[in-house]
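In the working numbering, the protein residues as written are 77 to 487.
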C-alpha cells in the first residue's frame with residue numbers, strides 16, 4: 077500500500093468552467109496514479125496480472141471517460157481489467173474499497189485487485205474565502221488533497237509478490253437515525269455545502285462498541301483467533317481530535333494504539349477517504365510496537381461505519397518517522413500551507429484553530445442560533461458559477477439543511 081498527499085495552490089479560482097474541470101481531473105488523476113505506482117512497486121508483482129481495479133473518490137463530477145478508465149491506461153493495466161467506481165461515500169471510502177477487494181479475492185484465489193482512492197478537496201472549495209468565518213477556518217484547516225492505494229491478492233501468491241497483512245474479515249454498517257448528522261452536496265448556485273452536526277462524534281462513539289464486537293465475532297467464526305482490542309493497533313481515518321477520542325473511548329483503547337492516526341492527522345489533517353490507506357501505510361512502515369493485529373475503522377455520511385481486521389504476515393522495509401514525508405507532504409510544503417492559512421485567518425495555528433473550534437462549538441452554538449444544530453460551511457467560486465439571485469436580489473439557490481426532528485436525536 078502507499079499514500080501520497082500534496083497540498084495544491086489555489087490555481088482554480090480564475091479559470092473557465094471547462095478549464096476548471098479539466099485541471100481538477102488532471103490533478104486528481106496525477107495523485108491517484110502516483111499512489112498506485114508506488115503500491116504496485118511495493119507489491120512486487122506484474123501489473124499485467126492485475127485483474128480488478130477499484131477506484132473511489134469524493135471529488136465527483138460529470139466526467140467521461142471515467143477516472144477508472146484513464147487510470148487503467150496510464151498504469152498500463154490490461155484493457156480487460158474489471159473496474160468498479162465508488163463515489164460519495166466520504167471518509168470511509170478507502171476501507172470500503174479494501175473490503176470490496178477482500179471479497180473479490182476471497183472468491184477468486186487468482187485475483188489481484190488494485191484499490192485506489194483519491195480526493196482533491198482544494199478543487200471543490202476547501203480554501204479560505206476573503207472574509208473567513210470560524211466554520212470556514214474549520215474546513216480549510218482540516219482537509220488536504222491526497223491519494224492512497226493498495227493491492228489485494230488471492231491466496232496464491234506468485235513469485236516476487238509481497239504481502240504485509242492478511243485481511244481476516246470486514247464489515248459495513250448504516251447507523252439508524254443518524255442521516256441528519258452529515259450532509260455534503262453541491263448546490264444549484266455553485267456552492268459546496270458541508271454540514272456537520274455537533275453530535276456526530278458522540279453518535280459514532282455510541283455505535284462503535286457493538287460494531288467492533290460484531291467484527292471480532294465474525295473473525296472468530298471464521299476460525300481466526302484475534303486478541304482483545306486492547307492488544308491491537310487501531311487505524312482510524314483522520315476525522316479530527318474528537319473523532320479519535322471517541323473511537324478510543326468506544327474501543328477502550330489508548331492514544332498509543334491509535335498512534336498512526338494521530339501522526340497522520342497532526343501532520344496532514346483530514347485526507348478524506350484517502351486517509352484510510354494513508355494511516356494504514358504509516359502503521360505498516362513506521363509504527364513498531366510488536367502488535368500483530370490491526371483494527372481498521374472509518375466513518376462516513378449516513379452515518380456509516382466501515383471496518384476490517386488485519387493480521388500482519390510480514391514487514392515491509394521500514395522508514396523512520398522523520399522520513400514519513402515519503403508517504404505524505406514534504407515538511408516545507410506543509411509549512412507553506414499552514415503559513416498561508418495563518419496569514420488569512422490571523423489565528424495562532426490552523427491546527428489549533430480547528431481543535432479550538434471543535435472544543436467550544438457547543439458554547440458557540442448556544443450563542444448563535446443560526447448554528448444551533450451544527451457547523452454549516454459553504455464555498456463558492458464566483459468566477460465560475462455566479463450565485464443566483466431572485467427578483468428581490470436575495471440568494472435563492474442555496475439550500476440549508478432543516479433542523480432535525482427531536483425524534484432523530486437532534487438538539
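Just so it is clear, CB atoms sit at the ideal spot from N, CA and C, and this is done for glycine as well.
Note that the structure is a prediction, hence the values are computed from the model and not measured.
Per DSSP, which one or two residues make a beta bridge with residue i?
i, result
"residue 107", "DSSP output for residue 107 lists no bridge partner at all."
"residue 129", "159 and 190"
"residue 375", "381"
"residue 358", "Paired residue(s): none; residue 358 is not in a bridge."
"residue 221", "The partner list for residue 221 (beta bridge, DSSP) is empty, contrary to what the question assumes."
"residue 241", "388"
"residue 249", "381"
"residue 228", "189"
"residue 195", "222"
"residue 370", "309 and 386"
Near residue i, what residues of its chain come up, given a Cβ to Cβ distance below 7 Å and the 5 sequence neighbours on each side ignored?
i, result
"residue 173", "130, 132, 162, 191 and 193"
"residue 119", "227, 237 and 238"
"residue 186", "230 and 232"
"residue 181", "187, 189, 228, 229 and 230"
"residue 387", "241, 242, 244, 368 and 369"
"residue 142", "161"
"residue 294", "245 and 247"
"residue 146", "105"
"residue 184", "230"
Near residue i, what residues of its chain come up, given a Cβ to Cβ distance below 8 Å and the 5 sequence neighbours on each side ignored?
i, result
"residue 322", "277, 278, 280, 281 and 284"
"residue 336", "309, 311, 355, 356, 358, 359, 362 and 363"
"residue 121", "188, 227, 229, 234, 236 and 237"
"residue 389", "239, 240, 241 and 242"
"residue 346", "167, 218, 219, 220, 313, 314, 315 and 316"
"residue 296", "302"
"residue 325", "281"
Within 10 angstroms of its Cβ, does residue i collect 16 or more other Cβ (buried), or is it exposed?
i, result
"residue 250", "exposed"
"residue 152", "exposed"
"residue 377", "buried"
"residue 298", "exposed"
"residue 319", "buried"
"residue 135", "buried"
"residue 64", "Only positions 77 to 487 of the chain appear in the structure, and residue 64 is not among them; the question remains open."
"residue 60", "Residue 60 lies beyond the residue range present for the chain, which begins at 77 and ends at 487; the question has no answer from this structure."
"residue 144", "buried"
"residue 246", "buried"
"residue 156", "exposed"
"residue 290", "exposed"
"residue 198", "buried"
"residue 154", "exposed"
"residue 391", "exposed"
"residue 459", "Any reading at residue 459 needs caution, since the residue's pLDDT is 28, under 50, leaving its predicted position unreliable; the model's value is listed next. When all chains shown are included, residue 459 counts as exposed."
Leaving out five residues before and five after residue i in sequence, what residues of the same chain have Cβ atoms less than 6 Å from its Cβ?
i, result
"residue 158", "128"
"residue 341", "314"
"residue 223", "80, 107, 108, 111, 194 and 350"
"residue 333", "309 and 310"
"residue 382", "168, 171, 172, 248 and 374"
"residue 160", "130"
"residue 116", "123"
"residue 287", "249 and 381"
"residue 101", "139"
"residue 292", "302"
"residue 176", "130"
"residue 150", "109"
"residue 113", "none"
"residue 300", "244"
"residue 125", "188"
Considering only heavy atoms of the ligand MG, does any lie closer than 7 Å to the CB of residue i?
i, result
"residue 299", "The ligand MG is not part of the structure shown, which contains no ligands of any sort."
Jot down the residue ranges of each uninterrupted alpha helix (DSSP H) in the region 258-298, minimum 4 residues, whole runs only, in chain order.
For the region 258-298, whole alpha helix (DSSP H) runs of length 4 or above, ordered along the chain, are 276-297.
Meets three-Cβ-pair contact criterion under 8 Å: the region 304-312 and the region 324-336:
The region 304-312 is in contact with the region 324-336.
Decide if the region 231-238 is in contact with the region 354-366; the criterion is three or more beta carbon pairs, one per stretch, under 8 Å apart.
Judged by Cβ distances under 8 Å, the region 231-238 makes no contact with the region 354-366, as fewer than three pairs qualify.
Could you tell me which whole alpha helix (DSSP H) segments of length 4 or greater appear in the region 290-353?
For the region 290-353, whole alpha helix (DSSP H) runs of length 4 or above, ordered along the chain, are 317-327 and 335-344.
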